[in-house]
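J.:
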Amino acid sequence: TVLVVDFGAQYAQLIARRVREARVYSEIVPSSMPVAEMLAKRPRAIILSGGPSSVYEPGAPRLDRELFEAGVPVFGMCYGFQLMATVLGGTVDNSGAREYGRTALEVSRPGSTLFEGTPDRQEVWMSHGDACSAAPEGFAVTASTDVVPVAAFENDEKRLYGVQYHPEVMHSTHGQQILEHFLYRGAGITPEWTTSNVVDEQIAAIRAQVGDRRAICGLSGGVDSAVAAALVQRAIGDRLTCVYVDHGLMRKGETEQVEKDFVGATGVRLKVVDASQRFLAALDGVSDPEQKRKIIGREFIRVFEQAQAEIVAEAPNDQPVEFLVQGTLYPDVVESGGGTGTANIKSHHNVGGLPEDLEFALVEPLRMLFKDEVRMVGQELGLPDEIVQRQPFPGPGLGIRIVGAVTRERLDLLREADAIAREELTAAGLDRDIWQCPVVLLADVRSVGVQGDGRTYGHPVVLRPVSSEDAMTADWSRLPYDVLARISTRITNEVAEVNRVVLDVTSKPPGTIEWE
Ligand code: XMP
18 TVLVVDFGAQ YAQLIARRVR EARVYSEIVP SSMPVAEMLA KRPRAIILSG GPSSVYEPGA
78 PRLDRELFEA GVPVFGMCYG FQLMATVLGG TVDNSGAREY GRTALEVSRP GSTLFEGTPD
138 RQEVWMSHGD ACSAAPEGFA VTASTDVVPV AAFENDEKRL YGVQYHPEVM HSTHGQQILE
198 HFLYRGAGIT PEWTTSNVVD EQIAAIRAQV GDRRAICGLS GGVDSAVAAA LVQRAIGDRL
258 TCVYVDHGLM RKGETEQVEK DFVGATGVRL KVVDASQRFL AALDGVSDPE QKRKIIGREF
318 IRVFEQAQAE IVAEAPNDQP VEFLVQGTLY PDVVESGGGT GTANIKSHHN VGGLPEDLEF
378 ALVEPLRMLF KDEVRMVGQE LGLPDEIVQR QPFPGPGLGI RIVGAVTRER LDLLREADAI
438 AREELTAAGL DRDIWQCPVV LLADVRSVGV QGDGRTYGHP VVLRPVSSED AMTADWSRLP
498 YDVLARISTR ITNEVAEVNR VVLDVTSKPP GTIEWE
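Residue numbers (UniProt numbering): 18 to 533.
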């Protein structure tokens, strides 16, 4: 394991991902963790991330000198670099020598461990107020900028390295190479972490955890629950039952995809519950978004509990159903503050969240993985692209894409319009460029139109194509006009009650991705 010590900015997750891209396993730990505890994890190397503080601020995170004396290779970046410099006796000045954004780095020793084979002058991403003016004793200065005399230092004997900039961001043109040089040359690590190892390890871990007992898993149709279920199924076979609740708010073809494609690829034991009547009845006349979400969440829990009771009743003599499989991912684990310990189920992330009083132990085979790694594991397990490359879709489904009350007729309309938009986006090869494209029916709005010889009075639908990296922020996608034109023509021709197609050109913030 390579430990990434998080000094409080968003950079730690990105660094951990970059390390894994270099095929070395990494984990994030908070900077508040005592050094002895970090070392007890027996890391192959430690990376110190950047952070928002200045080393001169009172209360700024510190590090024990021990960390640098344990013989473990260390690489400091930005704040981590300055901390290293200060702790080891170098000089960091608070002289107003700021640098933000793209900066030219002069590499003064091309033969260095970090910079070998990279250009003498390269573009890097800087973001700092303080600057290192003298490296600690025993360190060679290997790069500088116009503003900062010491922008990188290296000590091969002690295997300690640092750079003032952010090698993990894309704008640092040789950043990945430099990180790999640290891992492979500096720390002597062999890159061997792959998704097929993950699959083997997880299968062994699941078998050890579940033993000969049984587990259930709620399938949402999304990537995470599908991959988690496929892994558990590989491990324990028919002792896993998946439950798929069809709430009637799914998109066209989605239920079939779970029933046919997923079962086809995995052979999983699946219980499909058609609960659309029940959800529609509960949603009758409700147009407030929060209300809708609550109702859908509540009904989901009831249906799931009923299904669980049925599974037990169907085979009462089998081992008890003691485990619940969840597709929790690493970013959720990091954000909820812990690598280990009790799981924290985000209610947002499943349909309303599963009931808290369910008496289950959780099986979370993806809790150390990033989204792109989950997709790779899915591929490794032989899941079809339609499932593995699927764009995000909210748990409450089309229920929160109808502005106004939800009815069967409105759902049918929206399902058609949505299917057309998806078909055209796929045909234009845009699926990987956009994050997702909600199609929203403004059910309570009507506008006048003309079709053939007649006047129409129909509903508008909104296209909401967005690009994003993590859904926290998003920008509206600049789709080609001809694609927009085809979608608009087809929807207004093929979906009778829709006479207008409009484009949402709002970023997030201030808009959210969904309309409700
Ligand atoms: P917003 O609308 O908050 O959406 O910008 C951010 C991302 O989350 C998805 N989303 C949900 N996913 N259950 C989910 O599993 C939900 O209740 C839910 N609401 C929004 C949304 O599609 C987008 O990808």
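For glycine and all other residues, C-beta sits at the position ideal for the given N, C-alpha and C.
Check whether the Cβ of Glu531 lies closer than 6 Å to any heavy atom of ligand 1, and answer yes or no.
T.: Sequence index remark: in the sequence shown, residue 531 carries index 514 (1-based). Yes, ligand 1 has a heavy atom inside 6 Å of this Cβ.
J.: Kindly give me the distance between the Cβ atoms of Thr473 and Val467, rounded to whole angstroms, as I take these residues to be in contact under 8 Å.
T.: In the sequence shown, the residue the question calls residue 473 occupies position 456. In the sequence shown, the residue the question calls residue 467 occupies position 450. Yes, they are in contact, since the Cβ atoms of Thr473 and Val467 sit about 7 Å apart, within 8 Å.
J.: By the three-class DSSP mapping on this structure, what secondary structure does Ile206 have?
T.: As a position in the sequence shown, residue 206 is number 189, starting the count at 1. Reduced to three states, the DSSP call for Ile206 is coil.
J.: May I ask whether a heavy atom of ligand 1 can be found less than 6 Å away from the beta carbon of Ile337?
T.: Within the sequence shown, numbered from 1, the residue matching residue 337 stands at position 320. For the sequence presented, residue 337 should be read as Pro rather than Ile. False, no ligand heavy atom lies under 6 Å from that Cβ.
J.: Since Leu496 and Leu447 should fall inside the 8 Å C-beta cutoff, what is the C-beta to C-beta distance between them, to a whole number of angstroms?
T.: Here the question's residue 496 lines up with position 479 in the sequence shown. Here the question's residue 447 lines up with position 430 in the sequence shown. Rounded, the Cβ-Cβ distance is 7 Å, consistent with contact.
J.: Under 7 Å, do His188 and Arg119 count as touching if we go by C-beta distance?
T.: Taking the sequence shown and counting its residues from 1, one reaches residue 188 at position 171. Taking the sequence shown and counting its residues from 1, one reaches residue 119 at position 102. A contact, by the Cβ cut-off of 7 Å.
J.: Using DSSP's beta-bridge definition, name the partner residues of Arg517.
T.: Translated into positions along the sequence shown, residue 517 becomes position 500. For Arg517, which the question treats as bridged, DSSP gives the partners Pro477.
J.: I need the straight-line Cα distance from Leu80 to Arg34, nearest angstrom please.
T.: In the sequence shown, residue 80 corresponds to position 63, counting from 1. In the sequence shown, residue 34 corresponds to position 17, counting from 1. Their Cα atoms are separated by approximately 23 Å.
J.: Just checking my contact of Val165 with Ala102 at CB under 8 Å: how many whole Å lie between their CB atoms?
T.: Within the sequence shown, the letter at position 148 stands for residue 165. Within the sequence shown, the letter at position 85 stands for residue 102. Not a contact, Cβ separation roughly 11 Å.
J.: Count the other CB atoms, across all protein chains shown, that sit within 10 Å of the CB of Ala121; report buried if there are 16 or more and exposed otherwise.
T.: As a working mapping, residue 121 is identified with position 104 in the sequence shown. That one is exposed.
J.: Taking the alpha-carbon positions, what's the Ala26 to Thr523 distance?
T.: Translated into the one-based positions of the sequence shown, residue 26 becomes position 9. Translated into the one-based positions of the sequence shown, residue 523 becomes position 506. Taking the straight line from one Cα to the other gives about 27 Å.
J.: Could you tell me whether the Cβ atoms of Ser66 and Phe24 are closer together than 7 Å?
T.: Residue mapping note: residue 66 aligns to position 49 of the sequence shown, counting from 1. Residue mapping note: residue 24 aligns to position 7 of the sequence shown, counting from 1. Yes, they are a contact pair.
J.: With DSSP as the reference, label Thr506 as helix, strand or coil.
T.: Reading the sequence shown from its first residue, position 489 is the one you call residue 506. In the structure shown, Thr506 sits in a helix (DSSP, three-state: H, G or I).
J.: Looking at Tyr41: is its Cβ nearer than 7 Å to the Cβ of Pro208?
T.: Here the question's residue 41 lines up with position 24 in the sequence shown. Here the question's residue 208 lines up with position 191 in the sequence shown. According to the sequence provided, residue 41 is Val. The question's Tyr does not apply to it. Yes.
J.: What first and last residue would you give for the alpha helix (DSSP H) that runs through Asp241?
T.: By 1-based counting over the sequence shown, the position of residue 241 is 224. It spans Val240 to Ile253 - the alpha helix (DSSP H) in which Asp241 sits, taken as one unbroken run.
J.: Would you report the Cα separation of Thr272 and Val167, rounded to the nearest angstrom?
T.: If you number the sequence shown from 1, residue 272 lands on position 255. If you number the sequence shown from 1, residue 167 lands on position 150. About 59 Å.
J.: Is there contact between the segment 131-142 and the segment 215-224, where contact requires at least three CB pairs shorter than 8 Å?
T.: The segment 131-142 vs the segment 215-224: no contact.
J.: Where do the ends of the beta strand (DSSP E) carrying Asn172 lie?
T.: One-based indexing of the sequence shown puts residue 172 at position 155. Ala169 to Asn172 is the span of the beta strand (DSSP E), which, as asked, contains Asn172.
J.: Taking C-beta to C-beta, are Val342 and Val249 nearer than 7 Å?
T.: Translated into positions along the sequence shown, residue 342 becomes position 325. Translated into positions along the sequence shown, residue 249 becomes position 232. Yes, these two residues count as a Cβ contact at 7 Å.
J.: What does DSSP give as the partner residues of Trp493 in its beta bridges?
T.: Reading the sequence shown from its first residue, position 476 is the one you call residue 493. DSSP lists Val483 as partners of Trp493.
J.: Indicate whether Glu316 and Phe296 have their beta-carbon atoms separated by less than 7 Å.
T.: Taking the first residue of the sequence shown as 1, we reach residue 316 at position 299. Taking the first residue of the sequence shown as 1, we reach residue 296 at position 279. Yes, the Cβ-Cβ distance between Glu316 and Phe296 is below 7 Å.
J.: In the structure shown, what three-state DSSP assignment does Val423 receive?
T.: Position 406 of the sequence shown holds residue 423. Three-state DSSP puts Val423 in coil, outside helix and strand.
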